[in-house]
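A.B. asks: Numbering (my numbering), first residue to last: 9 to 507. For glycine and all other residues, C-beta sits at the position ideal for the given N, C-alpha and C.
(1) Can you look up residue 254 in the DSSP assignment and give me helix, strand or coil?
(2) So for residue 409, helix, strand or coil by DSSP?
(3) If I'm right that residue 223 touches residue 124 with Cβ under 8 angstroms, what's the distance once you round it to whole angstroms?
(4) Quick check: what's the CA-CA separation for residue 498 versus residue 310?
(5) Do you know whose CA, among 258, 460, 91, lies nearest residue 339's CA?
(6) Could you check if residue 478 is buried or exposed, using at least 16 other CB atoms within 10 Å of its CB as the buried criterion?
(7) Do you know how far the Cα of residue 215 is from the Cα of residue 96?
(8) Quick one: is residue 118 buried, meaning 16 or more other Cβ sit within 10 Å of its Cβ, or exposed?
(9) State the DSSP-derived secondary structure class of residue 381, mapped to helix, strand or coil.
(10) Does the beta-carbon of residue 234 have 16 or more other beta-carbons within 10 angstroms, so that it is buried, or is it exposed?
(11) Should residue 116 and residue 133 be called a contact, given that it needs their Cβ atoms to be closer than 8 angstroms?
(12) Compute the Euclidean distance between the alpha carbons of residue 295 and residue 85, then round it to the nearest angstrom.
(13) Which runs of the beta strand (DSSP E) fall wholly inside the region 225-284 and span at least 3 residues, in chain order?
(14) Can you name, in chain order, every residue of its own chain whose Cβ lies under 7 angstroms from the Cβ of residue 464, other than the five neighbours on each side?
(15) Answer yes or no: do residue 452 and residue 354 have a C-beta to C-beta separation smaller than 8 angstroms?
(16) With distances taken Cα to Cα, identify the nearest neighbour of residue 409 among 425, 390, 361.
(17) If you follow the beta strand (DSSP E) that residue 366 is in, where does it begin and where does it stop?
(18) So, with DSSP's three-state summary, where would you put residue 109?
(19) Sorted by chain position, which residues of the same chain lie with C-beta nearer than 6 angstroms to residue 111's C-beta, five sequence neighbours on each side aside?
(20) Suppose the cutoff is 8 angstroms on Cβ atoms and the five residues either side in sequence are ignored; what does the same chain contact list for residue 219 look like?
(21) When the Cα of residue 201 is compared with those of 128, 173, 419, which residue comes out closest?
(22) My parser needs the beta strand (DSSP E) runs of 3 or more residues fully inside the region 411-474; what are they?
Right under this line is the structure:
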């Protein structure tokens, strides 16, 4: 089937495609087309953008027309078109056989209500002729053509499983549509901030609101005014990506930090750099929201020109550590456990390569290794290893040693003498090569700082130190301020080269 052209409500996108003639002059294409015109509702403006809505709002009104090759309305067209929006989702357009399909009568569908959800940036409403004729009752007699077991169009293929002309089992025609497509002029929405991408409104911050979508995020950079209205700053350079925080939103709403996965360490970024543009594919990797295949532009940090802007870490309490739902607020942001006032922090004291003794498998200072069969990991189907791991998990002082060998994870214990509460936080100090948690087991520390990473299996949240500055073992010392910790300013030569 030949694909027909696209026509916008106020501007032709491809409908008037020129073709070659024998005389060498272009000629107007004679293809049919659809048009989509927004006739009612607030579409915003480039300088007055609508807020992003994650629940259906007042619908826009749309007129869809089918045009003949000559440009007139095709009054013979009685087909159905599918309504969509990019980016975003259409909640519904009718309460009939299919919530996103609408039928044209005499070539026109008038006052079609189109409520948009999770649209952002310059969103456009689309209408496409898929050849879909929806039937609400699959048990209808006779059944819909795409589920009746008959080759209705004689092309050798039967029903939705095989016939390319079938859009769904409730499609009442095995013939494909023209695939003519129309697109509206823009609806102007704001770009989502990091907290919106993290799903603060839709999923309480536990999962992205844009799964699998290529999303462009707001960074506060105003290109027209050539200024930042707020700051999205790089807080960590990791071996496989970087972390960024929307500074003012982290303080206001939380959920405003995110990890960008770049496969290897991004060579031209540094802590304190400020993002001007930031986009990529949002996803949840074992529950951890990240941006894949990211692209960005950056204002490089120059201490002579502006402050660093990396926010001070959020200090986690024993109550925070005991409440995983509360910790999602800080996912990917800088956090800290700190010895101060009635609160003390120490490395878990039960941490060693030996094997706890059966049958209780109680860990000791030198025995917390539950890899009893030497497979390199805990086998939960093995009764001994499962019992050993259960005993370690129940002991706030225990860091399971085989997990440390494979992942470099260990536990720190946070205790509050005032509330008599204690909790542990899983930590990773592999980016601080001068620190050995096994040698430091049982010893008090002043603080441990890092980015908070989530993993949906096992111990779910881990504080990952960024460098040696993030682990302060001297209880009389103070952690470095964020403007200095793990900050490696560029040299004058690097600034001149833009690296």
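C.D. replies: Put simply:
(1) The residue labelled residue 254 in the question sits at position 246 within the chain shown. Residue state, collapsed to three classes: strand.
(2) Locating residue 409 in the chain shown gives position 401, counting from the first residue. Of the three classes helix, strand and coil, the one that applies to residue 409 here is helix, per DSSP.
(3) The residue labelled residue 223 in the question sits at position 215 within the chain shown. The residue labelled residue 124 in the question sits at position 116 within the chain shown. Actually they are not in contact, since the Cβ atoms of residue 223 and residue 124 sit about 16 angstroms apart, beyond 8 angstroms.
(4) On the chain shown, residue 498 is found 490 positions in, with the first residue counted as 1. On the chain shown, residue 310 is found 302 positions in, with the first residue counted as 1. Using only the alpha carbons, I get a separation of about 8 angstroms.
(5) Looking up residue 339 in the chain shown gives position 331. When only C-alpha atoms are compared, the closest one is 460.
(6) Within the chain shown, residue 478 is the residue found at index 470, counting from 1. The residue is buried, with at least 16 neighbouring Cβ atoms inside 10 Å.
(7) Counting from one through the chain shown, the residue named residue 96 turns up at place 88. Counting from one through the chain shown, the residue named residue 215 turns up at place 207. If I take the Cα positions, the gap works out to 17 angstroms.
(8) Here the question's residue 118 lines up with position 110 in the chain shown. By the neighbour-count rule (16 or more Cβ atoms within 10 Å), residue 118 is not buried but exposed.
(9) What you label residue 381 is simply residue 373 of the chain shown in a count that begins at 1. The DSSP-derived three-state label of residue 381 is coil.
(10) Numbered from its first residue, the chain shown carries residue 234 at position 226. Exposed, since its Cβ has fewer than 16 Cβ neighbours within 10 Å.
(11) What you label residue 116 is simply residue 108 of the chain shown in a count that begins at 1. What you label residue 133 is simply residue 125 of the chain shown in a count that begins at 1. Cβ atoms of residue 116 and residue 133: not closer than 8 angstroms.
(12) Indexing the chain shown from 1 puts residue 295 at position 287. Indexing the chain shown from 1 puts residue 85 at position 77. If I take the Cα positions, the gap works out to 47 angstroms.
(13) 240-246, 249-254, 265-269
(14) Sequence index remark: in the chain shown, residue 464 carries index 456 (1-based). Hits under 7 angstroms: 294, 295.
(15) For the purposes of this step, residue 452 is taken as residue 444 along the chain shown, with counting starting at 1. For the purposes of this step, residue 354 is taken as residue 346 along the chain shown, with counting starting at 1. In contact: residue 452 and residue 354 (Cβ atoms closer than 8 angstroms).
(16) Sequence index remark: in the chain shown, residue 409 carries index 401 (1-based). It is 361.
(17) Locating residue 366 in the chain shown gives position 358, where the first residue counts as 1. In the DSSP assignment, residue 366 falls outside any beta strand (DSSP E), carrying neither H nor E.
(18) Looking up residue 109 in the chain shown gives position 101. Strand.
(19) For the purposes of this step, residue 111 is taken as the residue at position 103 of the chain shown. For residue 111, where only same-chain residues beyond five positions count, the Cβ hits under 6 angstroms are 88.
(20) Locating residue 219 in the chain shown gives position 211, where the first residue counts as 1. 290, 291, 292.
(21) Locating residue 201 in the chain shown gives position 193, where the first residue counts as 1. Among 128, 173, 419, the Cα nearest to that of residue 201 belongs to 128.
(22) The DSSP assignment places complete beta strand (DSSP E) segments of no fewer than 3 residues inside the region 411-474 at 417-424, 429-436, 455-462, 469-472, in order along the chain.
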